[in-house]
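Okay, so here's the structure we're looking at.
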Amino acid sequence: MATDYYGTLGVAPGADDAALKKAYRKLARELHPDVNPDPAAQERFKQVTAAYEVLSDPEKRQIVDLGGDPLANGAGTAGNPFAQGFGGLGDIMDAFFGGGQSRGPRSRVRQGADALLRIDLDLAEAAFGTTRELTLETAVVCGTCAGEGSAAGTHPTTCATCRGHGEVQSVQRSFLGQVMTTRTCGRCGGVGSIVEHPCGECGGDGRVRARRSLSVKIPPGIETGMRIRLTGEGEVGPGGGPSGDLYVEVTEKPHPTFTRDGDDVHCRLSLPMTAAALGTTIKLDTLDGEEEIDIAAGTQPDAVITLRARGIPHLRGTGRGDLHAHLDIQVPTKLDAEQERLLRELAALRGEERPGSSGGRGAAAGLFGRKRR
Ligand SMILES: [Zn+2]
Ligand SMILES: [Zn+2]
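Residues in the sequence shown are numbered from 0 upward in steps of one, following numbering that gives the first Met the number 0.
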């Protein structure tokens, strides 16, 4: 069945060019996507535009008048006449508004800016994740005018300077002849309309600043300098335009005992000399709570005890880093008489009263061994 192009445009089959143009212009005003965001209206606008395109072309119109459909031949074009035959919407709007290179008025409604918020996290929060309630102040849609910018009962009026085009053209004479230049209309800023009675709440911007709160989920394993993106939680755009995104940047607060290196954590652990020599079991505060760790007899001052998978969970993938406890072996500084006597006795038993002299096995041999390397 051939498409009823005359019916779509709402004109009689005998309509002349002026009548076609008038009918299309009227429909375009109410259906153009800039004015009417309704998907049904956009679909109808495409049909109306296709009908106008067909009927304003004498050859195509003749096919219609003979009962045919100039857009129906060729498989790919039948479903989407709009994609075929002419250069699209821009051309046809230019035909009306005489723009040449004109882009037409730009929308008062624009995309909002992104926002950035910084938060501090404890090591445990960064390690295991958390949920934070944030309070932030951003632009939100003005509740009084719903983003339109006009006071109640009023609407923006067409800019008289550019007659709604958003641009003004001027002709200049040069030695090359007449040159036509187009520039953005200074009166309306290129929007094509003027808010004569601005909304008292937002002053015509369509948005106001407001405090609001939202909660953000912090994933386990996050690190200083990383940003979490919350889509659409940034600033609302002028005219109530779509919001930008909110970025939450984290900074990890220093921890009293742990320092972080990637997903590994390091800490220092003090151990009396006697415990290092004899071996013991001690309690260590880890990120997961207190844990008992075994210290082998004869543990040396620069020893590092590594607890596998007790570090920070990996942000991507599974598993965790390690915890490294660096041992500080503490040599007693104040000995009472009894302690000194026992230590001297031990030294005598080990032949260590005068390290470095003959028979001293410990320190001297060690030193010598290191020097040779
Ligand atoms: Zn307002
Ligand atoms: Zn203007």
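Even glycine gets a Cβ: it sits at the ideal position worked out from N, Cα and C. Quick caveat: nothing in here was measured; it's all calculated off a predicted structure.
Using three-state DSSP, classify Glu-373 as helix, strand or coil.
Missing from the structure shown is residue 373; the chain here goes from 0 to 372 and no further.
Relative to the alpha-carbon of Arg-28, which residue among Ala-11, Val-47 and Ala-17 has its alpha-carbon at the smallest distance?
Val-47
Assuming the contact rule is C-beta atoms closer than 8 Å, Thr-7 and Ala-50 should be a hit. Round their C-beta distance to whole Å, please.
4 Å
Which residue from Gly-163, Cys-141, Gly-142 and Val-53 puts its Cα closest to that of Gly-103?
Gly-163
Work out the CA separation of Thr-180 and Val-170 for me, nearest whole Å.
6 Å
Quick one: what's got a C-beta closer than 7 Å to Phe-95's C-beta in the same chain, skipping five residues either side?
Summary for Phe-95: the model assigns pLDDT 47, below 50, so the residue's position carries little reliability; its value from the coordinates is reported in the next sentence. Excluding positions up to five away in sequence, the list reads Arg-24.
Let me check you understand the geometry: is the CB of Gly-165 closer than 7 Å to at least one non-hydrogen atom of ligand 2?
yes
Does the beta carbon of Gly-243 fall short of 7 Å from some heavy atom of ligand 1?
no
Under the three-state reduction of DSSP, which class applies to Asp-262: helix, strand or coil?
coil
Cβ of Thr-156 versus every heavy atom of ligand 2: is any distance shorter than 7 Å?
no
May I ask you to verify whether the stretch 309-329 touches the stretch 277-286, counting CB pairs closer than 8 Å and requiring at least 3?
yes
Compute the Euclidean distance between the alpha carbons of Cys-161 and Glu-195, then round it to the nearest angstrom.
16 Å
Counterpart residues of Ala-209 in DSSP-defined beta bridges:
Thr-137
Which two residues bound the contiguous alpha helix (DSSP H) that contains Ala-347?
336-349
In three-state DSSP terms, what is Ala-18?
helix
Quick check: is any heavy atom of ligand 2 less than 7 Å from the C-beta of Thr-230?
no
Assuming Leu-326 and Pro-300 make a contact with CB atoms under 8 Å, what is their CB distance in whole Å?
7 Å
In angstroms with no decimal places, state the Cα-to-Cα distance between Lys-21 and Glu-58.
20 Å
Mind checking which residues open and close the alpha helix (DSSP H) that includes Asp-64?
57-64
The stretch 237-244 touching the stretch 136-151, judged by at least three CB pairs closer than 8 Å:
yes
Taking 7 Å as the cut-off, is the beta-carbon of Arg-182 closer than that to any non-hydrogen atom of ligand 2?
no
Can you say whether Ala-296 is buried or exposed, counting buried as having 16 or more other CB atoms within 10 angstroms of its CB?
exposed
Going by C-alpha distance, which of Gln-41, Tyr-4, Asp-37 and Lys-252 is nearest Asp-68?
Tyr-4
Please report the distance separating the alpha-carbon of Gln-100 from that of Leu-19.
Confidence at Gln-100 is low in this model, with a pLDDT of 48, below 50, so the placement of that residue should be treated as unreliable; the coordinate-derived value is given next. For Gln-100 and Leu-19, the distance between alpha carbons rounds to 24 Å.
Among the candidates Glu-42, Thr-2 and Gly-66, whose CA atom is the shortest distance from the CA of Leu-26?
Glu-42
Quick one: grab the DSSP three-state call for Val-53.
helix
Can you say whether Leu-30 is buried or exposed, counting buried as having 16 or more other CB atoms within 10 angstroms of its CB?
buried
Per DSSP, His-325 is paired with what?
Arg-267 and Val-303
Counting along the chain, where does the alpha helix (DSSP H) carrying Glu-124 start and finish?
122-127
Let's test the definition: count the other Cβ atoms within 10 Å of the Cβ of His-154 and tell me whether it reaches 16, buried, or not, exposed.
exposed
Helix, strand or coil: how does DSSP classify Ala-114 here?
strand
Please report the distance separating the alpha-carbon of Ile-91 from that of Phe-44.
Residue confidence is low: Ile-91 scores 47 on pLDDT, short of 50, so the model does not pin down where it sits. Its coordinate-derived value is still stated next. Taking the straight line joining both Cα atoms gives about 12 Å.
On the criterion of 16 or more Cβ atoms from any shown chain inside 10 Å, does Asp-204 qualify as buried, or is it exposed?
buried
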